[in-house]
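Heads up: the structure comes next, in structure tokens.
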């Protein structure tokens, strides 16, 4: 038999059963636990803790700084007002932060995360996740799997992590980091910094082909840092690892490289290492001579 449990003005503990239960905390700092079944949990005002448990659950935090945990199943979590923490855990979950500065963690499964308003932190976790930051300055991390990240408005930080990811900064001055895998990065409007690789890996960019698009604004395409040149593999000519810069604007955009200008050969549409193997690290669409738009990191 399904249960309808309603709290009062104090700090209540409501625990469902094996059926499809409805738990409503009302005022106070409440704890709602759905257990088995497809449950509906609404914390109401206060600093609440909601745990869905087994089944496909719906969790709404309400007013206050709430903690929502989906559990097993394809759950729907919504923080509402307050700085909320949402964890989907197992299953293909949908998480929405709503107002204020929220933390969303998808966990295992192919999850959908939306930060909405506020400076939000979104982590996809395992699976092929879709992350949308919304307004304000958000931090998005795809995790394992082939993820899709969209920053939204304002100045966002996007990291694909491992997998073949798609990153779009949208408007604002965004920072895009593709990580491991063959990634597609698009800065959108604003002055963006675009890095296709994982700079902390032993050989950044090896066996990767990344597509880098700046969009409008003065963008910086990073092909090296103080430690390494990126996309430098062991073969001849570099056919297995390079970046494709699709929309370089000479006099506006910048390419950052490791070392000094003598370490490279610049063609009309490519950049290669000045080594016997002639390792190509970037193809620059449009046939520009990019040698005047460079920034070197020794």
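Numbering (my numbering), first residue to last: 96 to 393.
The beta-carbon is built from N, C-alpha and C at its ideal position, and this holds for glycine as well.
Near residue i, which residues of its chain fall below 6 Å by C-beta distance, leaving aside the five closest residues on each side in sequence?
i, result
"residue 199", "181, 190, 192, 208 and 217"
"residue 313", "286 and 347"
"residue 328", "301, 335 and 336"
"residue 321", "392"
"residue 127", "109, 118, 120, 136 and 145"
"residue 272", "254 and 290"
"residue 184", "165, 166 and 202"
"residue 358", "369"
"residue 331", "372"
"residue 246", "228, 253, 264, 265 and 269"
"residue 100", "109 and 118"
My guess is that residue i and residue j are in contact by the Cβ rule of under 8 Å, so how many angstroms apart are they, rounded?
i, j, result
"residue 159", "residue 143", "6 Å"
"residue 318", "residue 352", "5 Å"
"residue 132", "residue 150", "5 Å"
"residue 188", "residue 215", "Not confirmed; about 16 Å, so no contact."
"residue 242", "residue 255", "6 Å"
"residue 240", "residue 224", "6 Å"
"residue 172", "residue 202", "Actually they are not in contact, since the Cβ atoms of residue 172 and residue 202 sit about 11 Å apart, beyond 8 Å."
"residue 367", "residue 356", "Incorrect: roughly 13 Å between the Cβ atoms, too far for contact."
Quickly, what does DSSP pair residue i with across the bridge? List them, please.
i, result
"residue 319", "324"
"residue 351", "317 and 390"
"residue 144", "126 and 162"
"residue 202", "Answer by DSSP bridge pairing: none, since residue 202 is not bridged."
"residue 290", "272 and 317"
"residue 301", "Beta-bridge pairing links residue 301 to no other residue."
"residue 209", "191 and 227"
Could you pull out every residue in the same chain whose Cβ sits closer than 7 Å to the Cβ of residue i, ignoring the five residues on either side in sequence?
i, result
"residue 250", "232, 267, 268 and 269"
"residue 337", "304, 326, 375, 376, 377 and 378"
"residue 140", "122, 157, 158 and 159"
"residue 383", "343 and 345"
"residue 196", "178, 213, 214 and 215"
Any beta carbon from chain D within less than 7 Å of residue i's own beta carbon?
i, result
"residue 326", "In the structure shown, chain D does not exist; there is a single protein chain."
Can you find the residues in the same chain that come closer than 8 Å, C-beta to C-beta, to residue i, ignoring five residues on each side of it along the sequence?
i, result
"residue 104", "121, 122 and 123"
"residue 385", "343, 345, 350, 361, 366 and 379"
Please give the ranges of any beta strand (DSSP E) in the region 353-385, keeping only runs that are unbroken, at least 3 residues long and fully inside the region. For the beta strand (DSSP E) assignment, the uninterrupted runs of no fewer than 3 residues enclosed by the region 353-385 are, from N- to C-terminal side, 359-361, 365-368 and 375-379.
Take every Cβ of the region 362-371, pair it with every Cβ of the region 300-314, and state whether three or more of those distances are shorter than 8 Å. As far as the Cβ criterion goes, the region 362-371 does not touch the region 300-314, which means the pair count is below three.
Whole runs of the beta strand (DSSP E) within the region 211-270, excluding any shorter than 3 residues: As for any beta strand (DSSP E) of minimum length 3 sitting wholly inside the region 211-270, the runs are 216-218, 225-227, 234-236, 243-245, 252-254 and 261-263, ordered along the chain.
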